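Numbering (UniProt numbering), first residue to last: 1 to 238.
Idealized CB from N, CA, C, for every residue including glycine.
The structure presented is a predicted model; accordingly, all values stated were derived computationally and were not measured.
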């Protein structure tokens, strides 16, 4: 690396790595040398290499597999966002199996209470499900149901079914609308372990609020999805 160049060292490393990818010297799914090996090759610190690699991960040119290393991103797979967040498949419900991680009745707590506009001590059904594709974890869903509005709620009824269908069809609750927010964030320890990713890999976040006819939030769900090697789409009927 050239210390006389005005660009920071990590940007110089990033440029060289990016050229290798764009020129095809490193093919799709090629595993990069370790950060220690790259640092020795470029005569820089591992911190410099780590930042350069992270910049390319954020640009979508590289992706990381926890415990395995860093790889060149292949062509992005298009995924139907509806199928992913619905926890069912339009064509075959076995295409995207999910697994219940846990289910509990507990006080909402400050964070969930603020989102659902209820008191922290208010009871909610809390459950989490893991979405799988080709035997690999791709998404986690954390869901909360307002106990007072549906005291007989049974999470087993959501097996291959939409939560709002269960609320409407099984319990006769009149729903008005749902609002969805999109964002991104870094995983905490639990999410990183479950999705088998590094904590520095950004995730696609979707938060859904389901309202009754009286404008009470009966359900709040947070979907946490891997972004690596994927682009999401929604088909809208007009």
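If you reduce the DSSP assignment to three classes, tell me which class residue i lands in.
{"i": "residue 71", "result": "strand"}
{"i": "residue 119", "result": "coil"}
{"i": "residue 58", "result": "helix"}
{"i": "residue 30", "result": "coil"}
{"i": "residue 234", "result": "coil"}
{"i": "residue 7", "result": "coil"}
{"i": "residue 139", "result": "strand"}
{"i": "residue 51", "result": "helix"}
Ordered along the chain, which non-local residues of its own chain (more than five positions away) have a Cβ less than 6 Å from that of residue i?
{"i": "residue 181", "result": "207"}
{"i": "residue 103", "result": "127 and 155"}
{"i": "residue 152", "result": "none"}
{"i": "residue 21", "result": "61 and 72"}
{"i": "residue 213", "result": "174 and 176"}
Counting only the same chain and skipping the five closest in sequence on each side, list residues whose C-beta sits under 7 Å from that of residue i.
{"i": "residue 60", "result": "73"}
{"i": "residue 110", "result": "120"}
{"i": "residue 81", "result": "232, 233 and 234"}
Note down the Cα distance separating residue i from residue j, rounded to an integer number of angstroms.
{"i": "residue 211", "j": "residue 145", "result": "11 Å"}
{"i": "residue 88", "j": "residue 42", "result": "Residue placement at residue 88 cannot be trusted, given a pLDDT of 47 that sits under 50; what the coordinates show is reported in the next sentence. Between residue 88 and residue 42, the C-alpha separation is close to 48 Å."}
{"i": "residue 176", "j": "residue 106", "result": "26 Å"}
{"i": "residue 117", "j": "residue 19", "result": "50 Å"}
{"i": "residue 158", "j": "residue 205", "result": "21 Å"}
{"i": "residue 221", "j": "residue 98", "result": "15 Å"}
{"i": "residue 233", "j": "residue 114", "result": "30 Å"}
{"i": "residue 137", "j": "residue 54", "result": "22 Å"}
{"i": "residue 90", "j": "residue 125", "result": "Confidence in residue 90 is poor, its pLDDT being 47 and thus under 50, which makes the residue's placement unreliable; the coordinate value appears in the next sentence. Rounded to whole angstroms, residue 90 to residue 125 spans 27 Å at the Cα level."}
{"i": "residue 170", "j": "residue 218", "result": "15 Å"}
{"i": "residue 101", "j": "residue 130", "result": "7 Å"}
{"i": "residue 33", "j": "residue 70", "result": "8 Å"}
{"i": "residue 92", "j": "residue 132", "result": "Caution is warranted here: a pLDDT of 44 is assigned to residue 92, below 50, making its placement in the model unreliable, and the coordinate value is therefore given only provisionally. Cα to Cα, the separation comes out at about 14 Å."}
{"i": "residue 225", "j": "residue 16", "result": "30 Å"}
{"i": "residue 235", "j": "residue 135", "result": "26 Å"}
{"i": "residue 223", "j": "residue 183", "result": "10 Å"}
Return the Cβ separation of residue i and residue j in integer angstroms, given the expectation that the two are a contact with Cβ distance under 8 Å.
{"i": "residue 35", "j": "residue 50", "result": "6 Å"}
{"i": "residue 201", "j": "residue 57", "result": "7 Å"}
{"i": "residue 167", "j": "residue 150", "result": "6 Å"}
{"i": "residue 185", "j": "residue 203", "result": "6 Å"}
{"i": "residue 179", "j": "residue 142", "result": "With 8 Å as the limit, residue 179 and residue 142 do not qualify as a contact, their Cβ atoms being about 17 Å apart."}
{"i": "residue 48", "j": "residue 10", "result": "5 Å"}
Near residue i, what residues of its chain come up, given a Cβ to Cβ distance below 8 Å and the 5 sequence neighbours on each side ignored?
{"i": "residue 67", "result": "196"}
{"i": "residue 198", "result": "64, 66 and 192"}
{"i": "residue 215", "result": "176"}
{"i": "residue 108", "result": "116, 118, 119, 120, 121, 122, 123, 124 and 144"}
{"i": "residue 164", "result": "175, 178, 210 and 219"}
Can you find a C-beta in chain B that's less than 8 Å from the C-beta of residue i?
{"i": "residue 200", "result": "Within the model displayed, chain B is absent; a lone protein chain is all it includes."}
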